[in-house]
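Q:
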Amino acid sequence: MRRYSVFAIAREALRWHQGWERAWASPEPRARYDAIIVGAGGHGLATAYYLGKNHGITNVAVIEKGWLGGGNTGRNTTIIRSNYLQDPSAAIYEKARALYESLSQELNYNVMFSPRGLLMLAQTHHEVRGYLRTVHANALQGVQTEFIGPDRVRQLVPIIRLDGPRYPVLGALYQARGGTARHDAVAWGYARACSAMGMHILQNCPVTGVRSEGGRVTGVDTARGFIGCDKLGIVVAGHSGQLAEMAGFRLPVEAVALQALVSEPVKPCMDVVVMANTVHGYMSQSDKGEMVIGGGTDGFNNFTQRGSHQHIEETLRALIETFPMLSRLKMLRQWGGIVDMTGDRSPIIGKTPLGNCFINCGWGTGGFKAIPGSGWAMAELMARGEPGPLAAAFSLDRFREGRFIDESVAAGVAH
Ligand SMILES: Cc1cc2nc3c(=O)[nH]c(=O)nc-3n(C[C@H](O)[C@H](O)[C@H](O)COP(=O)(O)OP(=O)(O)OC[C@H]3O[C@@H](n4cnc5c(N)ncnc54)[C@H](O)[C@@H]3O)c2cc1C
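Residue 294 in our numbering sits at position 301 of the sequence shown, and the numbers go up by one each step.
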């Protein structure tokens, strides 16, 4: 595959852009692969990419029921940060954040990583104490964060109102290298790089069954027939329970819809990401000028990938006190994605009861930021059959053994 470069753009400009290749191939499936990954979201595609790049395994298929990146990866609000509390979480999210820094160069695809800075507002004394604790934990983990006072918050966010009657802004947990990236570009960049390594991305091809023999997976039934494999990775976010059921085991994961919305575009007014966990809302401004606003999860399990009126009302009511300018904005559109929630709000990356079948799920409301680190760790697990240091703590066993990685505070707002 030809590299994208300034020379390629110049060459194509001279011949009316007739020479660009397709970014990824749409091949016919082979009868068998060394590894099959179900789910062409960011996590599945990153797993395939690092299987090839780090472990030399390229006879790989990524099988997707819809279009690649059409799940949560293309529906999220793109926040990237690594200011988590527990050590295993900080390690994998910081690995991911660090990989994001050079991902565009690595993939030769502009993922528009924008480390513009991220603030988590402290609007109660309890939150101030909690975030000070996180800052200290992050210092020990090598994650750069700081607690900043209200004056610094105002400097960074001129449109904020600090002295709201119910929830004044008392400070913020600030991660200067947190930010955003273009979500679908992350999926497209990984897909292109996988295709360039000769991997197959099979779109519009739902997996309908998992076949096994003697405690090992032999392959999957799909809309395009049976496809055999030596190893299977299940990376389907909100549909993990369904795939696990096909494979004959159960997961401690619930599927719920998480919603977000964007406003009409306005002139640049906020060049950081702001999260307000107490009132539950968060916001950044897209390159087009829209205010990208994250809402909450539905209070009941469901598989509907759409928004509802009540979430617009609740989220905007929560944010308007701190950002009065929002009351003048029209909201353009809203949507939902099916997220996979675990009880401790941490992911699962581990072995399953089937010897050669591995699972990566439970990223819930916050897995976009983890894509490169998660793919790295899942590829290591699939290649070696054992988790490496990044994934070890996130095994499925932890729910049976009570080794929870409690991130309910760090994941307290849906981001
Ligand atoms: C509204 C919203 C806002 C969010 N905001 C943020 C944020 O700001 N920051 C952040 O870090 N995270 C955020 N998240 C969470 C983040 O989007 C997800 O954790 C992450 O994208 C999960 O990626 P994935 O690759 O695991 O799943 P997905 O991208 O959902 O990919 C899974 C794929 O599996 C496919 N699949 C399912 N069943 C089958 C089957 N039977 N056969 C074949 N394929 C199948 C699906 O079609 C899908 O494409 C948000 C999520 C939502 C919904």
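C-beta atoms are modelled at their ideal positions from N, C-alpha and C, and glycine is treated no differently.
Starting from T215, follow its DSSP beta bridges and name the residues at the other end.
A: Beta-bridge pairing links T215 to V200, G218.
Q: State buried or exposed for L312, treating a residue as buried only when at least 16 other CB atoms are found within 10 Å of its CB.
A: It is buried - the Cβ of L312 has at least 16 other Cβ atoms within 10 Å.
Q: When the Cα of R170 is compared with those of A41, M375, A89, which residue comes out closest?
A: Taking only the C-alpha atoms, the option nearest R170 is A89.
Q: Measuring alpha carbon to alpha carbon, tell me which residue in L383, S401, G395 is nearest P81.
A: Measuring from the Cα of P81, the nearest candidate turns out to be L383.
Q: State the CB to CB distance for the pair A39 and I364, rounded to an integer number of angstroms; the pair is presumed to be in contact (CB under 8 Å).
A: Contact flag correct, Cβ pair sits at about 5 Å.
Q: Put E120 into one of helix, strand or coil per three-state DSSP.
A: If DSSP states are grouped into helix, strand and coil, E120 belongs with the helices.
Q: Can you tell me whether A1 is buried or exposed, with buried defined as 16 or more other CB within 10 angstroms of its CB?
A: Label assigned to A1: exposed.
Q: Can you round the beta-carbon distance between Y26 and N47 to whole angstroms, since I take them to be within the 8 Å contact cut?
A: With 8 Å as the limit, Y26 and N47 do not qualify as a contact, their Cβ atoms being about 18 Å apart.
Q: If I measure Cβ to Cβ from G231 and keep anything under 6 Å in the same chain, skipping five residues before and after, which residues do I get?
A: Answer for G231: A248, I331, V332, D333, listed in chain order.
Q: Under three-state DSSP, which class holds P261?
A: Coil at P261, not helix or strand.
Q: Quick check: the Cα distance between V272 and F293, rounded to an integer number of angstroms?
A: Spanning the two alpha carbons is a distance of roughly 20 Å.
Q: According to DSSP, simplified to helix, strand and coil, what is E87?
A: Three-state DSSP puts E87 in a helix.
Q: Give every residue of the same chain whose Cβ lies closer than 7 Å to the Cβ of A372, excluding the five residues on either side of it in the sequence, and list them in chain order.
A: Taken in chain order, the residues that qualify are T40, Y43, L44, N47, H48.
Q: Mapping the DSSP letters down to three states, classify T297 as helix, strand or coil.
A: Here T297 sits in coil by DSSP.
Q: Check for me: the alpha helix (DSSP H) holding I364 runs from which residue to which?
A: Counting along the chain, the alpha helix (DSSP H) containing I364 begins and ends at 364 to 377.
Q: Decide if P261 is buried, meaning its Cβ has at least 16 other Cβ atoms within 10 Å, or exposed.
A: Exposed is the call here.
Q: Taking 7 Å as the line, does the beta carbon of P151 fall inside it for any heavy atom of ligand 1?
A: No, the Cβ of P151 stays beyond 7 Å of every heavy atom of ligand 1.
Q: Which class does I2 belong to by DSSP, given the choice of helix, strand or coil?
A: I2 falls in the helix class under three-state DSSP.
Q: Any heavy atom of ligand 1 inside 7 Å of the beta-carbon of V104?
A: Every heavy atom of ligand 1 is 7 Å or more from the Cβ of V104, so no.
Q: What three-state label does DSSP hand F392 in the structure shown?
A: Looking at F392 - three-state DSSP - the assignment turns out to be helix.
Q: Compute every distance between the C-beta of H36 and the non-hydrogen atoms of ligand 1, then say whether any falls below 7 Å.
A: Indeed, a heavy atom of ligand 1 lies less than 7 Å from the Cβ.
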